[in-house]
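For reference, the structure is listed below as structure tokens.
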Ligand SMILES: Nc1ncnc2c1ncn2[C@@H]1O[C@H](COP(=O)(O)OP(=O)(O)O)[C@@H](O)[C@H]1O
Ligand SMILES: [Mg+2]
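Chains as they are written, first to last, in my numbering: chain A, 1 to 229; chain B, 230 to 643.
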């Protein structure tokens, strides 16, 4: 198979996931398949508890599926060991969550450059890249603010910058606008769209916001652990 | 280094609990060093007194027989070593042929000096006061090589004693008891008659039994006074390495066929007391470090809980469980290093201050202030014990941190 055509493609096939609680097996995902393409925003919508976040964690290699396949750039992920999965998380995947998860002891710039420093990038280069993103996100004058002194919208933008700084191929965003007002929500969405288009990132966006999902390239509706056609 | 940097940022962001942990280590290390400096200071001082007064090794009574002799025979049938069981052997008081002993001792390179001493009793009479004394007949040149007598002189001088055949050196307490002055005439009675002597000096060893009873005379004078010509003396031996006295004593004992006692054996009771003090204070003070370790464990356990989300996000961006653990271990290392450095500085200052506290001690040694021992080993031991407790106190929370499942935390946060 021609792998170049799979570059930037995130493919999920027949994914199953369950957990047990009080000796009961709870099925969260029952055969989910999807395809997210580079340069596009794929939205996932559905009622709360239907398994959207679970799907995202599996795609982000933060958790293990019971069965099914996940491949990125044509490479299958489900059987990799933890070490390799960690490296791939660092190199290929960016996460944005509903909560920004910034480290409050660090300022905006220091938060943003963390994944770069982790991957061994030279400090000067890391700072340059982080600053570049900071200005693209309109936070030039706040780069040295402690994270906790930023507004909610600003914090989410910093989190997006952090997820993008290592030039990932895939950006997984779990209700990134869930805590923001509509103005900030649209701003965040526009940023995601801009980065998807400009940098050729495949964005998977879980959202409750119909307006945003309608602006996406592809919208998948989930219900009870399955994607409706 | 990234993990160290994060650790540093986390530490300085939590000043109060970290300073509290730090304080525990600082005081623990400092107390450890200070108590060791004191106990080992007194111990060393005692040893110096003992060596300076009675030498490293004393050779006395000749063995009369080989009864109770224990031998070890090698496979070839030759004697590897043997020693005389002191309980069973019969002694003849004093050294038999001092010249031979002296010659034999010269063959041992470990021996620094040997002083032949003739011991006996007499009564000193000033005219108004009488006091029985233990006479030590010495050859002053030899004796200075095996003792600190010249340093112990508090009145008079050794040259004065050397130039006067009728000179006598008195222990300080004896001197006070007799109410004498340097240069005064005094009579020594007993033995073969009465001697007329002149007080040429006063010494203070600090050991009250000695300062109360001992007097030094010239060897020949003592020998004729006691009526013992060329026999019955003992040898006091000094060594280049006094620590090695026990082994050499065993060797000398079999070579010379005389009873040979090292200072370690002679002073065992006191040495054991000092050792017990040193160990018990080390244990007590280690408890302070243990407590600060417990406090630190608490701080770090809470810290890990507080940092759960940060850990989850770090894992999601490519930090390994090891990286996460190292962030916490580094925090422990930062506090530990600072604790050891400041603890060492505090210990150094406190040891100095204690060393100038006035404290008068007489009895087993003589001092007018606290005696301290400056020893790098105390600092190293204090640091090692602190390191042990802090390692445990941070390792357990760090391991817990490394096991945090990012998906679980993120799911529960949403
Ligand atoms: N490993 C797990 N352990 C316990 N509960 C889980 C686990 N995985 C998923 N769940 C539960 O499954 C349900 C579906 O989760 P989620 O994927 O978060 O749904 P959504 O994001 O669509 O709201 C939730 O109630 C969640 O708590
Ligand atoms: Mg969710």
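We put the beta carbon where it would ideally sit given N, CA and C, even for glycine. Being a predicted model, the structure only gives us computed values, none of them experimental.
Shown in chain order are the residues whose CB sits closer than 5 angstroms to a heavy atom of ligand 1: A/19, A/28, A/48, A/49, A/50, A/51, A/52, A/53 and A/54.
Annotation: Cβ neighbours of residue 63 of chain A in chain B (cutoff 7 angstroms, chain order): 636. The Cβ neighbour count for residue 388 of chain B, taken over all protein chains shown within 10 Å, is under 16; the residue is labelled exposed. Within chain B, the residues 547 and 549 have their CB atoms less than 7 angstroms from the CB of residue 86 of chain A, given in chain order. Listed in chain order, the non-local C-beta contacts of residue 334 of chain B below 6 angstroms within the same chain comprise 340 and 343, local neighbours out to five positions each way being set aside. Within 7 angstroms of the CB of residue 542 of chain B, the CB atoms of chain A belong to 101, in sequence order along the chain. For residue 252 of chain B, no beta strand (DSSP E) segment is defined; the enclosing uninterrupted segment is the alpha helix (DSSP H) at 244-283. Closer than 8 angstroms to some heavy atom of ligand 2: that describes the Cβ of residue 206 of chain A. Using a cutoff of 8 angstroms, the CB of residue 175 of chain A counts as near ligand 2, since one of the ligand's heavy atoms is closer than that.
Beta-carbon to beta-carbon, residue 258 of chain B and residue 592 of chain B are separated by about 32 angstroms, too far to satisfy the 8 angstroms threshold.
Distance between residue 285 of chain B and residue 582 of chain B, taken at the CA atoms: about 32 angstroms. Beta-bridge pairing by DSSP links residue 72 of chain A to A/10 and A/75. Proximity of residue 27 of chain A to chain B, defined by a Cβ-Cβ separation below 9 angstroms, is not satisfied.
The beta carbon of residue 115 of chain A falls within 9 angstroms of a beta carbon belonging to chain B, placing the residue at that interface.
About 7 angstroms separates the CB atoms of residue 60 of chain A and residue 89 of chain A; that is less than 8 angstroms, so the two are in contact.
Contact annotation, residue 189 of chain A with residue 215 of chain A: C-beta distance approximately 7 angstroms; criterion of less than 8 angstroms satisfied. Between residue 383 of chain B and the set B/447, B/395, B/405 and B/484, the nearest pair of CA atoms involves B/405.
Residues of chain A whose Cβ lies closer than 7 angstroms to the Cβ of residue 531 of chain B do not exist, since the nearest Cβ in that chain is about 16 angstroms away.
Below the 9 angstroms Cβ cutoff, chain B contributes 235 and 238 as neighbours of residue 106 of chain A, in chain order. At a cut-off of 9 angstroms between C-beta atoms, residue 552 of chain B counts as an interface residue with respect to chain A.
In this structure, the alpha-carbon of residue 605 of chain B lies about 15 angstroms from that of residue 260 of chain B. Chain A places a beta carbon closer than 9 angstroms to that of residue 231 of chain B, counting this residue as a contact. For residue 95 of chain A, the chain B residues whose Cβ falls inside 9 angstroms of its Cβ are 542, 545, 546 and 639, in order along the chain. Contiguous alpha helix (DSSP H) elements confined to the stretch 84-168 of chain A occur at 108-118, 123-136 and 152-164, taking only those with 4 or more residues. Following the DSSP letters along the chain, one finds residue 524 of chain B inside the alpha helix (DSSP H) bounded by residues 497-535. Relative to residue 626 of chain B, the option among B/425, B/601 and B/523 whose CA is nearest is B/523.
Rounded to the nearest whole angstrom, the C-alpha separation of residue 526 of chain B and residue 438 of chain B is 53 angstroms.
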